[in-house]
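See below for the structure under consideration.
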Ligand SMILES: NC(=O)c1ccc[n+]([C@@H]2O[C@H](COP(=O)([O-])OP(=O)(O)OC[C@H]3O[C@@H](n4cnc5c(N)ncnc54)[C@H](O)[C@@H]3O)[C@@H](O)[C@H]2O)c1
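In this note's numbering, the protein residues as written are 1379 to 1761.
What follows is the structure, given as structure tokens:
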């Protein structure tokens, strides 16, 4: 899969001690399509310089803040091809908007913004400017997840009737457990925008439902709970959903599930069969046919062919993981950016979650908040 290095990128956020910036940088490197050359890694200039030094970035492209960075990079003849935004949620909208308006392609981590209107605005600007915008719903980068999407679309399990999805974590299960730097802003209404668990991992689960099935969420009923005393925002969410084809779905996202770590699991039940995919066992996918026979497909074997096979980096049985899933998203994104530069880009090349998928996530969150506030009632999604 390796390609000659063709692109350059910059990053906002991802300074020393942060969580997701470093995995993004490693994932981009997997296929050698892009090199980091610029950054505003922190609000603190010294910390940005420190990270630039670690990454070997020229000091002239190490910026005191993202506004300077967008302006300066847009003006350079060799300016970055895209920016990666890995800051807390409450900053995404302004940062992404600034880079889009400067004419720079954007990758942003989820949740895309704090509300649907801001996401729609970003989608509009990206469209008007003809820019590519990826939202890193990492789990949908797994080859097996892509394969699940493919075979559901082909009708292998018939019409989707029911989806069960869960994303339990246990890192905030106890009173006094604050989750360090990462937990501080996630559990603070100002930092995370009035929702915690639902935005952080519920959006991953909702995105898994809509990506696997290809169906939008039509309406939902949510119960957003605070289980740990002293917390201000939700740490345990249960959501009943109806999809656009009338199928039902149940979603549970939780940070108080003792002993669980990023256990995203989804089961899709159709009129002819069932698909099960568990992110902790991403090398395989189980398809159950109408005779209740269980077929276990392993990544890397010919049975798991189709479009997803092009992302294989290792032979079957040598596990690829979360970093490779993120790398797969970047692989498609970089291919598209390169094609845009070459004038060969077509929309059907996009095989990553785009800005519209990011916006769907906030439509889901907003509907959940509305439902919860109104006493757990059914609410239509407002796309
Ligand atoms: N895709 C995934 O699976 C996944 C996993 C973890 C986090 N995330 C998302 O990634 C984002 C970052 O999360 P994290 O856990 O890495 O947070 P973090 O608190 O560990 O790191 C945030 C970084 O952003 C920097 N920062 C804050 N404001 C800034 C600004 N205005 N300009 C420049 N830098 C700034 C901070 O100094 C820090 O380096 C969040 O939106 C989160 O939801 C996604």
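Virtual Cβ for every residue (Gly too), placed ideally from N, Cα, C.
Model, not experiment: these values are computed from the prediction.
What do you get for residue i, buried or exposed, if any count of 16 or more other CB atoms within 10 angstroms of its CB means buried?
i, result
"residue 1397", "exposed"
"residue 1556", "exposed"
"residue 1661", "buried"
"residue 1689", "buried"
"residue 1722", "exposed"
"residue 1588", "buried"
"residue 1670", "exposed"
"residue 1761", "exposed"
"residue 1668", "exposed"
"residue 1511", "buried"
"residue 1745", "buried"
"residue 1380", "In this predicted model, residue 1380 has a pLDDT of only 49, less than 50, meaning its place in the structure is not dependable; the value taken from the coordinates is given anyway. Flag for residue 1380 reads exposed."
"residue 1762", "For the chain, the structure presents residues 1379 to 1761; residue 1762 sits outside this window and is missing."
"residue 1726", "exposed"
"residue 1553", "exposed"
"residue 1680", "exposed"
"residue 1739", "buried"
"residue 1562", "exposed"
"residue 1652", "buried"
"residue 1395", "exposed"
Grouping DSSP H, G and I as helix and E and B as strand, with all else coil, what is residue i?
i, result
"residue 1667", "coil"
"residue 1622", "coil"
"residue 1414", "strand"
"residue 1590", "helix"
"residue 1574", "coil"
"residue 1581", "helix"
"residue 1549", "coil"
"residue 1728", "coil"
"residue 1423", "helix"
"residue 1632", "strand"
"residue 1650", "coil"
"residue 1380", "Because the pLDDT at residue 1380 is just 49, under 50, the model does not fix this residue reliably, and the value given afterwards should be weighed accordingly. Coil."
"residue 1610", "coil"
"residue 1392", "coil"
"residue 1604", "coil"
"residue 1469", "helix"
"residue 1755", "coil"
"residue 1675", "strand"
"residue 1657", "coil"
"residue 1454", "coil"
"residue 1722", "coil"
"residue 1444", "helix"
"residue 1598", "strand"
"residue 1385", "strand"
"residue 1439", "helix"
"residue 1645", "strand"
"residue 1760", "coil"
"residue 1491", "coil"
"residue 1639", "coil"
"residue 1330", "The shown model of the chain, from 1379 to 1761, leaves out residue 1330, and the question about it has no answer."
Identify which residue in the options has its Cα closest to the Cα of residue i.
i, options, result
"residue 1411", "1747, 1708, 1718 and 1734", "1708"
"residue 1460", "1604, 1688 and 1719", "1719"
"residue 1717", "1388, 1429, 1509 and 1392", "1509"
"residue 1418", "1407, 1406 and 1435", "1435"
"residue 1454", "1424, 1613, 1416 and 1732", "1416"
"residue 1590", "1565, 1656, 1569 and 1617", "1656"
"residue 1458", "1499, 1420, 1469 and 1414", "1414"
"residue 1451", "1406, 1390 and 1395", "1390"
"residue 1440", "1582, 1432 and 1427", "1427"
"residue 1754", "1732, 1730, 1617 and 1468", "1617"
"residue 1433", "1443, 1407 and 1421", "1407"
"residue 1546", "1637, 1628 and 1471", "1637"
"residue 1734", "1712, 1493, 1392 and 1654", "1493"
Tell me which residue opens and which closes the alpha helix (DSSP H) that residue i is part of.
i, result
"residue 1375", "Here the chain has residues from 1379 to 1761 only, and residue 1375 is not among them."
"residue 1460", "Here residue 1460 belongs to no alpha helix (DSSP H); instead the beta strand (DSSP E) covers 1460-1464."
"residue 1529", "1521-1531"
"residue 1403", "1399-1407"
"residue 1696", "Unbroken run through residue 1696: none, as it is neither H nor E."
"residue 1564", "1558-1564"
"residue 1496", "1494-1507"
Can you find a heavy atom of ligand 2 that lies under 6 Å from the Cβ of residue i?
i, result
"residue 1613", "The ligand content of the structure shown is limited to ligand 1, which means ligand 2 is not among them."
With respect to the beta strand (DSSP E) encompassing residue i, which residues constitute its N-terminal and C-terminal limits?
i, result
"residue 1742", "Taken as a continuous stretch (DSSP letters only), residue 1742 belongs to no beta strand (DSSP E), being part of the alpha helix (DSSP H) at 1733-1751."
"residue 1483", "1483-1486"
"residue 1512", "1511-1513"
Sufficient close CB pairs (3 or more, under 8 Å) joining the stretch 1614-1627 to the stretch 1528-1541: In this structure the stretch 1614-1627 lies against the stretch 1528-1541, because at least three pairs of beta carbons, one per stretch, are closer than 8 Å.
Inter-stretch contact at 8 Å, needing at least 3 Cβ pairs: the stretch 1474-1489 / the stretch 1444-1453: Verdict: yes, contact present.
Sufficient close CB pairs (3 or more, under 8 Å) joining the stretch 1698-1705 to the stretch 1515-1533: In this structure the stretch 1698-1705 lies against the stretch 1515-1533, because at least three pairs of beta carbons, one per stretch, are closer than 8 Å.
Any 3 or more C-beta pairs closer than 8 Å across the stretch 1525-1534 and the stretch 1594-1601: No: fewer than three Cβ pairs fall under 8 Å.
The stretch 1628-1646 contacting the stretch 1542-1550, beta-carbon criterion three pairs below 8 Å: Yes, they touch.
The stretch 1630-1642 in contact with the stretch 1571-1578 per 3-pair CB rule at 8 Å: Yes, the stretch 1630-1642 is in contact with the stretch 1571-1578.
The stretch 1493-1512 / the stretch 1602-1620 touching (three or more Cβ pairs under 8 Å): By the criterion of at least three beta-carbon pairs nearer than 8 Å, the stretch 1493-1512 is not in contact with the stretch 1602-1620.
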